[in-house]
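Residue numbers (this note's numbering): 9 to 163.
Don't be surprised by glycine CBs; every beta carbon is placed ideally from N, CA and C.
If you're wondering where the values come from, they're calculated on a predicted model, not measured in any experiment.
Working notes, structure below.
Below, the structure is given as structure tokens:
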């Protein structure tokens with residue numbers, strides 16, 4: 009902030025140090041907490057971090073499968089993941105899988121899939137593999153067969 013003392017024509021530069029949640033006037037330079045920035049006149053943690061009030065610091069958010077703080081909530085996880093029992097997960101882990109930084113719905117048997125993510129098929133005994141037409145689909149794993157739209161152990 010610049011202050012003009014008209015009587016003596018001296019300019020004074022006022023430097024303000026601000027913590028997260030406090031006003032910032034001179035941009036990011038005012039924000040004293042590491043990994044914080046001045047946004048709309050207030051110091052805030054950058055997007056990949058969350059504010060830890062007890063440590064008065066910006067802490068890195070957790071990625072998929074990483075530790076989070078259930079007491080603080082979902083804001084401790086990246087990519088719109090949910091903090092479930094202190095682990096960053098998809099909101100509905102039974103029917104979703106994580107790929108390319110987003111949660112996607114699991115794929116039903118015989119539907120097209122993408123090689124790579126191992127948990128993308130809805131049936132736990134299915135995997136993404138090539139069918140007889142060399143097309144990637146969710147198919148029963150080796151030693152399993154389809155019975156009533158589910159993969160069951162072969163006898």
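The bridge partners DSSP lists for residue 104 are 113.
Closest option to residue 30, judged by alpha-carbon separation, among 37, 42, 52: 52.
From the listed residues 148, 57, 137, the smallest Cα separation to residue 87 is found for 57. Distances from the alpha-carbon of residue 43 to those of 54, 36, 34 put 54 closest.
Nearest to residue 68 by alpha-carbon distance, out of 83, 129, 35, is 83. Under the three-state reduction of DSSP output, residue 36 falls in the helix class. DSSP places residue 50 in the uninterrupted beta strand (DSSP E) bounded by 50 to 53.
In the displayed model, residue 82 falls within a helix according to three-state DSSP. Around the beta-carbon of residue 49, fewer than 16 other beta-carbon atoms lie within 10 Å, marking it exposed. Taking a C-beta distance under 8 Å as the contact criterion, residue 127 and residue 117 do not qualify as a contact pair.
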